[in-house]
Amino acid sequence: MGNHEQYMKEALNEARKALAENEFPVGCILVNDSQIVARGRRMNTTVYSRNELDHAEIMALRQLFATQKDIDPTRLTAYCTMEPCLMCYAALLLSKVSTIIYAYEDAMGGGTGLSFTGLTPLYREANVKIIPYILREESLELFKLFFENPANSYWQGSFLAEYTLSQK
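Using my numbering, the first residue of the sequence shown is number 92, and each one after it goes up by one.
Here it is in structure tokens:
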């Protein structure tokens, strides 16, 4: 097992914690020089606390900035169990994370395929490496479990739910 798989397993552990709390099963870890320096998981997707701000990547970045003030962000790698959405992708770019590795594609809202051509220099000149599909099947299984549970209302009936449940 390579390093990417090892670190993605840690992100998957965060996603499993989210799923155990009936949250959307997304996990993220940030790695610097072979050390995990921050962790995050999706929060507040239940009907009782729903918001669109507490994504796994944002939670990991918040933890990083609260605990690792002197870290060089250009040396960071983000491991995400789902392709970052536009908000998280922009936050990772603005935070100067150099590599983003994800497991499962976000067929409905993934941001990593965004063309930088028409964007302002702040984004157009971002230097980021994207590596998709590391432990995709393991992540897919968590999303299937989530969408198969009728108690989880978040994104039920959406294109993402239908796409996920149709995957073999």
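Ideal placement from N, C-alpha and C gives every residue a C-beta, glycine not left out. Fair warning: this is a prediction, and the values are worked out from it, not measured in the lab.
**Item:** Short Cβ contact (8 Å threshold) for residue 120 with residue 109
**Value:** In the sequence shown, residue 120 corresponds to position 29, counting from 1. In the sequence shown, residue 109 corresponds to position 18, counting from 1. No, these two residues do not count as a Cβ contact at 8 Å.
**Prompt:** Quick one: Cα of residue 161 to Cα of residue 95, how far?
**Reply:** As a position in the sequence shown, residue 161 is number 70, starting the count at 1. As a position in the sequence shown, residue 95 is number 4, starting the count at 1. The straight-line gap from Cα to Cα measures roughly 24 Å.
**Asked** With 16 as the cutoff for other CB atoms within 10 Å, does residue 116 come out buried or exposed?
**Response** Locating residue 116 in the sequence shown gives position 25, where the first residue counts as 1. Burial call: buried.
**Request:** Kindly list the residues whose CB is nearer than 6 Å to the CB of residue 129, restricted to its own chain and excluding five residues on each side of it in sequence; keep chain order.
**Result:** Position 38 of the sequence shown, counted from the first residue, corresponds to residue 129. Cβ within range, chain order: 121, 151, 154 and 155.
**Item:** Residue environment, residue 203, which counts as buried when at least 16 other CB atoms sit within 10 Å
**Value:** For the purposes of this step, residue 203 is taken as residue 112 along the sequence shown, with counting starting at 1. Residue 203 should be labelled buried.
**Request:** In the DSSP assignment, find the unbroken beta strand (DSSP E) run with residue 130 in it and report its ends.
**Result:** Counting from 1 along the sequence shown, the entry for residue 130 is found at position 39. Its beta strand (DSSP E) spans residues 126-132.
**Request:** Just the C-alpha distance for residue 98 and residue 180, rounded to the nearest angstrom, thanks.
**Result:** One-based indexing of the sequence shown puts residue 98 at position 7. One-based indexing of the sequence shown puts residue 180 at position 89. Taking the straight line joining both Cα atoms gives about 19 Å.
**Request:** State the beta-bridge partners of residue 173 as determined by DSSP.
**Result:** One-based indexing of the sequence shown puts residue 173 at position 82. BP columns for residue 173 point to 195.
**Item:** Simplified DSSP state of residue 187, which is helix, strand or coil
**Value:** Mapped onto the sequence shown, residue 187 falls at position 96. Three-state DSSP puts residue 187 in coil, outside helix and strand.
**Asked** Can you tell me the Cα-Cα spacing of residue 238 and residue 167, whole angstroms?
**Response** Start at 1 with the first residue of the sequence shown, and residue 238 comes out as number 147. Start at 1 with the first residue of the sequence shown, and residue 167 comes out as number 76. Approximately 31 Å between the Cα atoms of the pair.
**Asked** Between the region 205-222 and the region 185-196, do at least 3 Cβ pairs fall closer than 8 Å?
**Response** Between the region 205-222 and the region 185-196 there are three or more C-beta pairs closer than 8 Å, enough to call the two in contact.
**Request:** Specify the secondary structure class of residue 203 as computed by DSSP and reduced to three states.
**Result:** The residue given as residue 203 occupies position 112 in the sequence shown. Note: residue 203 maps to coil in three-state DSSP.
**Asked** Is residue 114 near residue 136, with beta carbons less than 8 Å apart?
**Response** Residue mapping note: residue 114 aligns to position 23 of the sequence shown, counting from 1. Residue mapping note: residue 136 aligns to position 45 of the sequence shown, counting from 1. Yes, Cβ-Cβ distance for residue 114 and residue 136 is below 8 Å.
**Prompt:** Hey, residue 107 and residue 233 are a contact pair by Cβ (cut 8 Å); roughly how many whole angstroms apart?
**Reply:** Counted from its first residue, the sequence shown places residue 107 at position 16. Counted from its first residue, the sequence shown places residue 233 at position 142. So it is a contact: roughly 7 Å between Cβ atoms.
**Asked** For residue 163, which residues of its own chain have a beta-carbon under 8 Å away from its beta-carbon, when the five flanking residues on both sides are left out?
**Response** Position 72 of the sequence shown, counting from 1, holds the residue named residue 163. Once the five neighbours on either side are set aside, the close Cβ partners of residue 163 are 123.
**Request:** Select from 184, 235, 247 and 172 the residue whose C-alpha is nearest the C-alpha of residue 215.
**Result:** Taking the first residue of the sequence shown as position 1, residue 215 is located at position 124. Here the closest residue by C-alpha is 184.
**Prompt:** If you measure from the CB of residue 103, is any heavy atom of the ligand PLP nearer than 7 Å?
**Reply:** Among the components of this structure there are no ligands whatsoever, and the ligand PLP is therefore not found.
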